[in-house]
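>
Numbering (this note's numbering), first residue to last: 58 to 345.
(1) Check for me: the alpha helix (DSSP H) holding residue 159 runs from which residue to which?
(2) So, helix, strand or coil for residue 173, using DSSP?
(3) Quick check: the stretch 295-303 against the stretch 243-260, are there 3 or more CB pairs under 8 angstroms?
(4) In three-state DSSP terms, what is residue 248?
(5) Closer than 8 angstroms is the cut-off here; do at least three beta carbon pairs connect the stretch 211-221 with the stretch 308-315?
(6) Does the beta-carbon of residue 70 have 16 or more other beta-carbons within 10 angstroms, so that it is buried, or is it exposed?
(7) Select from 60, 224, 130 the residue whose C-alpha is nearest the C-alpha of residue 301.
(8) Spell out a yes or no on whether the stretch 271-287 and the stretch 154-164 are touching, meaning 3 or more CB-CB pairs, one atom from each, closer than 8 angstroms.
(9) Just mark residue 182 as buried or exposed, buried being the case when its beta carbon has 16 or more other beta carbons within 10 Å.
(10) Per DSSP, what kind of secondary structure is residue 274 in: helix, strand or coil?
(11) Using 8 angstroms as the cut-off, can you tell me whether the stretch 240-249 makes contact with the stretch 285-293, which would need three or more C-beta pairs spanning the two stretches below that distance?
(12) The alpha helix (DSSP H) that contains residue 283, what's its start and end?
(13) Looking only at its own chain, which residues have a Cβ that is under 7 angstroms from the Cβ of residue 190, when we skip the five neighbours before and after it?
(14) With respect to the beta strand (DSSP E) encompassing residue 289, which residues constitute its N-terminal and C-terminal limits?
(15) From residue 333 to residue 102, what does the alpha carbon distance come to, in whole angstroms?
(16) Across which residues does DSSP place residue 147 in a beta bridge pair?
(17) Count the other CB atoms, across all protein chains shown, that sit within 10 Å of the CB of residue 150; report buried if there are 16 or more and exposed otherwise.
(18) Can you name, in chain order, every residue of its own chain whose Cβ lies under 7 angstroms from the Cβ of residue 120, other than the five neighbours on each side?
(19) Taking a contact to mean a Cβ-Cβ separation below 9 angstroms, would you say residue 185 touches residue 321 in this structure?
(20) Is it right to say residue 164 is buried, meaning 16 or more other beta carbons lie within 10 angstroms of its own, or is it exposed?
(21) For a test of the three-state rule: what should DSSP assign to residue 198, helix, strand or coil?
(22) Please list, in chain order, all residues of the same chain as residue 170 whose beta carbon is under 6 angstroms from its beta carbon, the five residues on each side excluded.
(23) Between residue 131 and residue 67, what straight-line distance do the alpha-carbon atoms span, to the nearest angstrom?
(24) Residues in its own chain within less than 7 angstroms of residue 230 by CB, not counting five upstream and five downstream?
(25) So the candidates are 159, 77, 267, 234; which of them puts its Cα closest to the Cα of residue 88?
(26) Grouping DSSP H, G and I as helix and E and B as strand, with all else coil, what is residue 105?
(27) Quick one: what's got a C-beta closer than 8 angstroms to residue 239's C-beta in the same chain, skipping five residues either side?
(28) Taking DSSP's pairing of strands, which residues face residue 219 in a bridge?
(29) Could you check which residue in 269, 73, 237, 342 has the C-alpha nearest to that of residue 108?
(30) Using the Cα positions of residue 210 and residue 187, report the straight-line distance between them to the nearest angstrom.
(31) On the DSSP letters alone, give me the boundaries of the beta strand (DSSP E) that residue 85 sits inside.
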């Protein structure tokens with residue numbers, strides 16, 4: 058039943074039969090033979106093969122996701138029996154995006170690994186909303202307001218949004234005194250074409266438009282500094298550039314204060330010990 062499964066996962070992770078063979082210290086023909094026998098037993102093609110590369114079929118992708126989850130459960134069970142409570146070990150996969158993850162979260166994760174050197178960490182910088190369960194991630198770092206979902210979300214820190222533009226842009230465009238006037242301005246669009254403001258003691262959305270769109274805050278920031286338009290970014294991102302006079306805040310009195318960065322993870326009856334430890338480490342570090 059288990060024959061060929063290790064070889065299959067090695068090929069998935071290494072990207073080729075040759076690299077998988079090197080990692081397993083076996084011959085490429087052995088890998089090829091095991092994969093062929095596995096496909097025959099399953100009655101399904103797992104890889105699309107050409108002379109230059111291989112890629113997973115849809116059936117292969119689904120099979121790999123399920124096998125990775127099973128493998129991790131086996132590792133977790135072994136670790137628990139072998140006294141993981143004394144020394145956590147194993148892989149933790151994290152997904153997130155942006156400067157906050159790189160500059161604020163990653164250093165704290167590094168401190169955790171330094172304390173527990175038998176833990177492995179993989180951080181995937183991905184701007185899309187990754188399906189944690191299907192893609193085998195333990196944790197995600199997400200920003201904004203959390204909607205109801207089948208995930209657990211714990212706040213790391215509040216992040217106030219700020220509307221900014223360069224002095225050059227503001228000098229050459231109509232004066233901005235109310236969020237509704239944003240329709241007269243070039244807005245730098247990140248994920249959504251609606252920005253939220255506190256107007257007359259109610260949270261209201263204002264539709265915006267512009268000629269610059271990106272899912273990376275650094276690209277939005279660069280465009281704002283260059284004088285292309287108005288940006289709506291977390292204050293911790295723009296604060297150094299405000300201090301240097303490269304950016305100026307506008308509409309401060311209309312900003313909302315309910316945005317935060319969150320640590321998100323699947324609802325599981327029993328989280329691996331190492332993951333629980335990292336969750337506590339991160340929430341404690343940000344609380345300080």
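A virtual CB, placed ideally from N, CA and C, is assigned to each residue, including glycine. Source: prediction; values computed, not measured.
In short:
(1) By one-based count along the chain shown, residue 159 stands at place 102. Where residue 159 is concerned, there is no enclosing alpha helix (DSSP H), given that its DSSP letter is neither H nor E.
(2) As a working note, residue 173 is residue 116 in the chain shown. Three-state DSSP puts residue 173 in coil, outside helix and strand.
(3) In short, these stretches do not touch, since the Cβ pair count stays below three.
(4) Locating residue 248 in the chain shown gives position 191, counting from the first residue. Correct three-state label for residue 248: coil.
(5) Contact between the stretch 211-221 and the stretch 308-315 is present, because at least three Cβ pairs lie under 8 angstroms.
(6) In the chain shown, the residue the question calls residue 70 occupies position 13. By the neighbour-count rule (16 or more Cβ atoms within 10 Å), residue 70 is not buried but exposed.
(7) Position 244 of the chain shown, counted from the start, is the residue given in the question as residue 301. The shortest CA-to-CA distance from residue 301 to any of 60, 224, 130 is the one to 224.
(8) In this structure the stretch 271-287 lies against the stretch 154-164, because at least three pairs of beta carbons, one per stretch, are closer than 8 angstroms.
(9) Working through the chain shown from its first residue, we reach residue 182 at position 125. With fewer than 16 other Cβ atoms from the protein chains shown falling within 10 Å of its own Cβ, residue 182 counts as exposed.
(10) Your numbering for residue 274 matches position 217 in the chain shown. The three-state secondary structure of residue 274, taken from DSSP, is helix.
(11) Here the stretch 240-249 makes contact with the stretch 285-293; the two share three or more CB pairs at distances below 8 angstroms.
(12) The residue labelled residue 283 in the question sits at position 226 within the chain shown. Where residue 283 is concerned, there is no enclosing alpha helix (DSSP H), given that its DSSP letter is neither H nor E.
(13) In the chain shown, counting from the first residue as 1, residue 190 sits at position 133. Only 323 meet the Cβ criterion.
(14) By 1-based counting over the chain shown, the position of residue 289 is 232. Per DSSP, the continuous beta strand (DSSP E) segment holding residue 289 begins and ends at 288-291.
(15) In the chain shown, the residue the question calls residue 333 occupies position 276. In the chain shown, the residue the question calls residue 102 occupies position 45. Using only the alpha carbons, I get a separation of about 37 angstroms.
(16) Residue numbering aside, residue 147 sits at position 90 when the chain shown is read from its first letter. The partner list for residue 147 (beta bridge, DSSP) reads 176.
(17) The residue labelled residue 150 in the question sits at position 93 within the chain shown. So residue 150 ends up on the buried side.
(18) Sequence index remark: in the chain shown, residue 120 carries index 63 (1-based). Excluding its 5 nearest sequence neighbours in each direction, residue 120 has C-beta neighbours in its own chain below 7 angstroms: 103, listed in chain order.
(19) In the chain shown, residue 185 corresponds to position 128, counting from 1. In the chain shown, residue 321 corresponds to position 264, counting from 1. For residue 185 and residue 321, no; Cβs fall outside 9 angstroms.
(20) Start at 1 with the first residue of the chain shown, and residue 164 comes out as number 107. Looking at its Cβ environment, which holds fewer than 16 other Cβ atoms inside 10 Å, residue 164 is exposed.
(21) Residue 198 sits at position 141 when you count from the first residue of the chain shown. DSSP, read as helix, strand or coil, puts residue 198 in strand.
(22) Residue mapping note: residue 170 aligns to position 113 of the chain shown, counting from 1. Contacts found: 176, 178.
(23) Numbered from its first residue, the chain shown carries residue 131 at position 74. Numbered from its first residue, the chain shown carries residue 67 at position 10. Cα-Cα distance, rounded: 17 angstroms.
(24) Start at 1 with the first residue of the chain shown, and residue 230 comes out as number 173. Cβ contact annotation for residue 230 (same chain, cutoff 7 angstroms, sequence separation greater than five): 242, in chain order.
(25) As a first step, residue 88 is located in the chain shown; it is residue number 31 there, counting from the start. Looking at the Cα atoms, 77 is the closest of the given residues.
(26) Stepping through the chain shown from its first residue, residue 105 is reached at position 48. Note: residue 105 maps to strand in three-state DSSP.
(27) By 1-based counting over the chain shown, the position of residue 239 is 182. Cβ neighbours of residue 239 beyond the five flanking positions: 233, 252, 263, 265, 287.
(28) For the purposes of this step, residue 219 is taken as residue 162 along the chain shown, with counting starting at 1. In the DSSP secondary-structure assignment, residue 219 is bridged to 290.
(29) Walking along the chain shown from the start, residue 108 turns up at place 51. Of 269, 73, 237, 342, the residue nearest in Cα terms is 73.
(30) The residue given as residue 210 occupies position 153 in the chain shown. The residue given as residue 187 occupies position 130 in the chain shown. Answer to the nearest angstrom: the Cα atoms are 15 angstroms apart.
(31) For this step, residue 85 is matched to residue 28 along the chain shown. Premise fails: residue 85 lies in the alpha helix (DSSP H), 85-99, not in any beta strand (DSSP E).
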